[in-house]
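Numbered according to my numbering, the sequence shown spans residues 1 to 300.
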Amino acid sequence: MKYVVTGGAGFVGSYLVKLLVDEGHSVIVIDNLVKGTKANLESILDKIEFHQIDIRDYESLKNILKNIDGVFHQAALTVVQDSFDKPEEYSEVNVSGTENIFKLANENNFKVVYASSSSVYGHQNIMPITENANRNPINPYGQTKLDGEYLFEKYSKMGTKIIGLRYFNIFGNGQTLEYAGVITKFLDRIKQNEAPLIFGNGSQIRDFIYVGDVVMANLLSMMSDVSNLLVNIGTGKAITILELANMVVEVSGLELKPIFQDPLQGDIEKSHADISLAIESFKWKPKKDLKEWLSETLKK
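Given below as structure tokens:
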């Protein structure tokens, strides 16, 4: 099959590109290299077609997104705190850029699997969160992802095949400090023999999902007979930020205690996925255990 991956030089995108190449597919990567880097694709650059293009550039996309089987749309701006300072840019990239992909999918009849986000839910009291929970984002980034879901609804009604994956908190090797990582940030400090920094009191609940499991969810959803769906991609397991910090310290073998600082603006209190729909729809299940991965990573 011939697939396009937008944001294919980024964290999740590069893992996905490598999986597709390993599976024997023909892969075209689109990335403007503002956040991503070709170094993430170094091992397979000779096996893919690469275009340095911004997803806001409709005419350039139009020339590439034809005679293909599907698009994995991963390109996005993703830093919550950054979105407060640059709401217009976040909207242009995450909403207008996404509509360019959907519009071409409608015109050229290919399927799209795209990255939505658990941030569309905002604050929720009932855990775990099911896909029919109210959507009420609390930061500009989450709002752009909700606007993307409105586009999903619009184009689905027009017959376009689109699956939106609501990613929960992704972790894995190669994740940049900027991209996300409370786990990455904890590990970065631990490797410097410094205690983890917790913003707030550490009672925030998170559902951490390994990047390899996320990319497999992308592949299985693309290969499935499902045409239109918004679905949670997490583990179904919850952990508090304080528990995570203590786990990182425990695995490291160091004698450290977390340091607490003021809460971050736009930080969600509880995020815990119900993943039964993903299991039922795609026969997908997360495999990588967080503590096991932490042990492997800190031994390197």
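Glycine residues also receive a C-beta, built at the ideal position from the N, C-alpha and C atoms.
Exposure of residue i, with buried meaning 16 or more beta-carbon neighbours within 10 Å
i: Gly7; result: buried
i: Asp31; result: buried
i: Ile101; result: buried
i: Ser117; result: buried
i: Val34; result: exposed
i: Gln175; result: buried
i: Pro137; result: buried
i: Leu305; result: Because residue 305 is not part of the residues shown, which for the chain are 1 to 300, the question remains open.
i: Leu264; result: exposed
i: Asp274; result: buried
i: Asn132; result: exposed
i: Glu296; result: exposed
i: Gly97; result: buried
i: Lys287; result: exposed
i: Glu23; result: exposed
i: Lys2; result: exposed
i: Lys161; result: buried
i: Glu99; result: buried
i: Gly66; result: As written in the sequence, residue 66 is Lys, which differs from the Gly given in the question. Under this definition Lys66 is an exposed residue.
i: Ile163; result: buried
i: Glu49; result: exposed
i: Ile190; result: buried
i: Glu149; result: buried
i: Ile198; result: buried
i: Ile239; result: buried
i: Ile259; result: exposed
i: Asn169; result: buried
i: Lys18; result: buried
i: Lys157; result: exposed
i: Thr134; result: In the sequence as presented, Thr is not what sits at residue 134; that position holds Asn. Answer is exposed; the Cβ neighbour count stays below 16.
Within 8 Å, strictly: CB atoms of residue i and residue j
i: Ile205; j: His272; result: yes
i: Val343; j: Arg166; result: This structure gives no information on residue 343, because the portion of the chain shown stretches from 1 to 300.
i: Met223; j: Lys291; result: no
i: Gln74; j: Val5; result: yes
i: Pro196; j: Phe208; result: no
i: Val80; j: Gly234; result: no
i: Val231; j: Ala278; result: yes
i: Val21; j: His51; result: no
i: Val215; j: Val71; result: no
i: Gly212; j: Tyr15; result: yes
i: Gly181; j: Phe171; result: yes
i: Lys38; j: Ala76; result: no
i: Met127; j: Lys270; result: yes
i: Val113; j: Ser221; result: yes
beta-carbon residue i near the ligand MG non-hydrogen atom, thresh 7 Å
i: Leu298; result: No copy of the ligand MG occurs in the structure displayed, which carries no ligand at all.
Counterpart residues of residue i in DSSP-defined beta bridges
i: Arg206; result: Ile239
i: Thr6; result: Ile30 and His73
i: Gln265; result: According to DSSP, which records beta bridges pairwise, Gln265 is partnered with nothing at all.
i: Asn228; result: Ile162
i: Lys270; result: Ile205
i: Asn169; result: Phe208
i: Leu197; result: Ile259
i: Ile233; result: Tyr167
If you pair each beta-carbon of the region 41-54 with each one of the region 209-228, do three or more pairs fall below 8 Å? no
Is there contact between the region 54-72 and the region 91-111, where contact requires at least three CB pairs shorter than 8 Å? yes
Mind the definition here: the region 247-260 touches the region 140-154 only if three or more C-beta pairs lie below 8 Å; say whether that holds. no
Any contact of the region 153-164 with the region 199-217, i.e. 3+ C-beta pairs under 8 Å? no
Of all the beta strand (DSSP E) runs that stay within the bounds of the region 37-69, which reach a length of 3 or more residues? 49-51
Check whether the region 125-141 touches the region 282-289, taking contact to mean three or more Cβ pairs, one atom from each stretch, closer than 8 Å. no
Length at least 4, wholly inside the region 71-133: the alpha helix (DSSP H) runs in chain order: 80-85, 87-91 and 97-108
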